Amino acid sequence: MMTGKRKSIWVFGDYRNYYQNRVTLQLLSKAVDLSRLLDAEVCAVVVGHDLEEWIMEYTAHGADRILAVDHPSLTSYSTEHYLILMEKLVRERDPDILLIGATDFGREFAPRLAKRLHTGLSADCVGLDLTPDGLLVQIAPSFGGNMLAEIVTEKHRPQMATVRPGTFREIPHNNERTAVVERLPLPAQLPPARVRQIQYERAVQREHTIENANVIVCGGRGLGNKNNFRKLDDLAKLLGGDVGATRPVVYAGWAGHDVLIGQAGKHIKPKILFSFGISGAIQHTAGLGEADFIVAVNKNPQATMMRMADVAVVADAADWLNHLVKELRRRIRE
Amino acid sequence: MLNIVVCIKQVPMVTELPWNEKTGTLRRDLAAGMMNPACKHAVEAALRIKADGGAKITVVTMGPPAAEEVLREALAMGADRGILVCDRLLAGSDTYATSFVLGRAIGREVPGCDLILCGAYTSDSETAQVGPQLAEELDLPAVAYAERLEISGRTLRVRRLVDKFRETLEMEFPALVTVSMEQYKPRYASFAGLNRAFAEADILSVNLKRLDITPAELAAHGSRTKVRRVFIRKTQKENVLITGAAANAAAEFLDKYQRKISAVIGKSIEAKKQT
Numbered sequence: 001m002m003t004g005k006r007k008s009i010w011v012f013g014d015y016r017n018y019y020q021n022r023v024t025l026q027l028l029s030k031a032v033d034l035s036r037l038l039d040a041e042v043c044a045v046v047v048g049h050d051l052e053e054w055i056m057e058y059t060a061h062g063a064d065r066i067l068a069v070d071h072p073s074l075t076s077y078s079t080e081h082y083l084i085l086m087e088k089l090v091r092e093r094d095p096d097i098l099l100i101g102a103t104d105f106g107r108e109f110a111p112r113l114a115k116r117l118h119t120g121l122s123a124d125c126v127g128l129d130l131t132p133d134g135l136l137v138q139i140a141p142s143f144g145g146n147m148l149a150e151i152v153t154e155k156h157r158p159q160m161a162t163v164r165p166g167t168f169r170e171i172p173h174n175n176e177r178t179a180v181v182e183r184l185p186l187p188a189q190l191p192p193a194r195v196r197q198i199q200y201e202r203a204v205q206r207e208h209t210i211e212n213a214n215v216i217v218c219g220g221r222g223l224g225n226k227n228n229f230r231k232l233d234d235l236a237k238l239l240g241g242d243v244g245a246t247r248p249v250v251y252a253g254w255a256g257h258d259v260l261i262g263q264a265g266k267h268i269k270p271k272i273l274f275s276f277g278i279s280g281a282i283q284h285t286a287g288l289g290e291a292d293f294i295v296a297v298n299k300n301p302q303a304t305m306m307r308m309a310d311v312a313v314v315a316d317a318a319d320w321l322n323h324l325v326k327e328l329r330r331r332i333r334e
Numbered sequence: 335m336l337n338i339v340v341c342i343k344q345v346p347m348v349t350e351l352p353w354n355e356k357t358g359t360l361r362r363d364l365a366a367g368m369m370n371p372a373c374k375h376a377v378e379a380a381l382r383i384k385a386d387g388g389a390k391i392t393v394v395t396m397g398p399p400a401a402e403e404v405l406r407e408a409l410a411m412g413a414d415r416g417i418l419v420c421d422r423l424l425a426g427s428d429t430y431a432t433s434f435v436l437g438r439a440i441g442r443e444v445p446g447c448d449l450i451l452c453g454a455y456t457s458d459s460e461t462a463q464v465g466p467q468l469a470e471e472l473d474l475p476a477v478a479y480a481e482r483l484e485i486s487g488r489t490l491r492v493r494r495l496v497d498k499f500r501e502t503l504e505m506e507f508p509a510l511v512t513v514s515m516e517q518y519k520p521r522y523a524s525f526a527g528l529n530r531a532f533a534e535a536d537i538l539s540v541n542l543k544r545l546d547i548t549p550a551e552l553a554a555h556g557s558r559t560k561v562r563r564v565f566i567r568k569t570q571k572e573n574v575l576i577t578g579a580a581a582n583a584a585a586e587f588l589d590k591y592q593r594k595i596s597a598v599i600g601k602s603i604e605a606k607k608q609t
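Heads up: the sequence lines are chains D and V, in that order.
Numbering follows this note's numbering, in which position 60 of the first sequence is assigned residue number 60; successive positions increment by one, without gaps.
Offset between the second sequence (1-based) and this note's numbering: plus 334.
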């Protein structure tokens, strides 16, 4: 065995719900990719109580080593206690890279950990890469995802990033894989947390808002007048969606400020976005986030919104809206 | 009476972004600014606390001289005092450096502060890191994404929704909270407030020298990250173009995408097969 210390890529085990666990598995997958290029070890760190399920899961999804701190006092998530434990582990073992899922928990926990470790951190990354000399390139969004920045932490270690869930694809579960599992004791002197948890429950579905709507039909000045704009209500009703508006439309009094989509209004992330008569000025597109499927209708095929769209319909927006509503009504009635 | 600090940030109004499409760069120095929306919610939360039990509210921002505008806006809403942390050497600071300087400014200029509020995230860089890192800098208990704050004596109760869990947490002052945009819809500044914010504004401008931060100290606590390049996201859309008479095109469109749409809306819009 060589005496030189092997580099290590750490993934923080965030497991509280399915979605949190998935992002951990996705990060393990990316860590495996990076580890091949860096000749590094992939290590999952998991803190809590009754961790066997996660130890098996992380092993099956690509971890070479698992550091587990299992104790009844760690049954529920505590940012403060996790900070103490992680700071200690990182200082003792000096990983090169530390990846954390950009869950709500991760985005509160990681900044404090980075500050404690006096290292850099990038937020909610949508890509990770390596420079030719092995530096982690952290691709982070800004301005509602319209711009991306490549960020590096040159001198300080570990290189830390929180990564948006869904960015990477997890490696299929493989029962044959094995990992070195280190079960570590709780440091004796864990102080009482200053933030006390009074109540904690699984949230019932949050009430419907435009921000979490699956379908949004958005209208701009290209619809021509208020009456045409109102027809968006019919389409929204048929599709079970919400109506959104651009700033000129709100200023013209066709719609209220509460449905303004954009930098100065609501930020949406629908699965399907219909955009009628909208050119796509950046103050509007900054609120669109990551719409999965965009249908834009505009007379001008060169409009930014048309270029952003999955389906760009070159037509008079009001006219096409009428026909679409008619056709949908016919199909739903049938 | 509670001594509250609200950290706010001026962000570029993207309507006004001087944007170079070719290079994909942004002249932030030329952009018109506005108060970051979540910061405005944090100011509102402080104003509600003030209305309930009395408080002195100091708004603090770090930025170029023009960032004074957001302090005036907060004063017009009802804050009592503004502090602008401004120094050329601070340009380009990341969250690590920013939280260090803000921590020093609050420690020096607002001693005995009970509660620090921040917006949960900013609409420009969207890191959501400065609040938690400021808590770390000042060694304060902290909670992010607060939807509701309740105070009884020296205890602060915070409600929030994180990762599909609803939580109620408590901590003692001094403490730090980042405020989400779920509640605390910001008020509009009153005419009297605007008058006060311009006629008799209590705004203090501090530089690194006043904060006793030497260049060596700033370097030691300076940015850990470096931005190599900023670029516009490339769209990876299939970009199908549909033209033709609207009536036919609408039907054609639905034929092509009916399955996708049906799956999302949870009901069938698939045309019945003609027999």
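Cβ atoms here follow ideal geometry from the backbone N, Cα and C, with glycine treated the same way.
Remember, predicted model here, so these are calculated numbers, not experimental data.
Chain order gives no chain D residues near V/Phe507, where near means a beta carbon separation below 9 Å; the closest approach is about 11 Å. In the DSSP secondary-structure assignment, D/Val314 is bridged to D/Asn298.
Distances from the alpha-carbon of V/Pro466 to those of V/Arg415, V/Leu451, V/Glu516 and V/Gln344 put V/Leu451 closest. In this structure D/Arg221 is in contact with D/Gly277, their Cβ atoms being roughly 6 Å apart against a cut-off of 8 Å. When CB distances to chain V are screened at a threshold of 8 Å, the residues of the region 113-127 of chain D falling below it are Ala114, Lys115, Arg116, His118, Thr119, Gly120, Leu121, Ser122, Ala123 and Asp124, in chain order.
By the C-beta criterion, the region 184-194 of chain D is judged not to be in contact with the region 578-598 of chain V, since fewer than 3 inter-stretch pairs fall below 8 Å. With a beta-carbon spacing of about 17 Å, V/Gly416 and V/Leu424 fall beyond the 8 Å limit used to define contacts.
Boundaries of the alpha helix (DSSP H) around V/Glu586: Ala580 to Ile599.
Straight-line measurement puts the Cα of V/Ile599 at about 45 Å from the Cα of V/Val393. Within the region 437-461 of chain V, contact with chain D at the beta-carbon level (separation under 8 Å) is assigned to Ser457, Asp458, Ser459, Glu460 and Thr461. Secondary structure of V/Glu484 (DSSP, three-state): strand. Straight-line measurement puts the Cα of D/Leu235 at about 13 Å from the Cα of D/Arg330. Looking at the DSSP output, D/Tyr200 sits in a beta bridge with V/Glu501. Any Cβ of chain D closer than 8 Å to the Cβ of V/Val598 would place that residue at the interface, and such an atom is present. For D/Ala188, the closest alpha carbon among the candidates D/His81, D/Ala149 and D/Leu99 is that of D/His81. Exposed is the label assigned to V/Thr577, since fewer than 16 other Cβ atoms lie within 10 Å of its Cβ. Secondary-structure assignment with DSSP links V/Phe434 through no beta bridge to anything. V/Ala476 is positioned such that its CB atom lies closer than 8 Å to that of V/Ala509.
Residue range Ala389 to Met396 is occupied by the beta strand (DSSP E) that includes V/Thr392. Under DSSP, D/Pro141 forms a beta bridge with D/Leu148. Of D/Gly287, D/Thr131, D/Thr209 and D/Asp94, the smallest CA-CA separation from D/Ser142 is found for D/Gly287. Close CB contacts of V/Ile603 within its chain, under the 7 Å cut and outside five residues either way in sequence, are with Leu588, Gln592, Ile595 and Ser596 (chain order). Looking at the DSSP output, D/Asp133 shares a beta bridge with no other residue. Between D/Arg112 and V/Glu470, the C-beta spacing is below 8 Å. Contact residues of the region 486-511 of chain V toward chain D are Arg491, Val492, Arg493, Arg494, Leu495, Val496, Asp497, Lys498, Phe499, Arg500, Glu501, Thr502, Leu503, Glu504, Met505, Glu506 and Ala509 (C-beta to C-beta distance below 9 Å).
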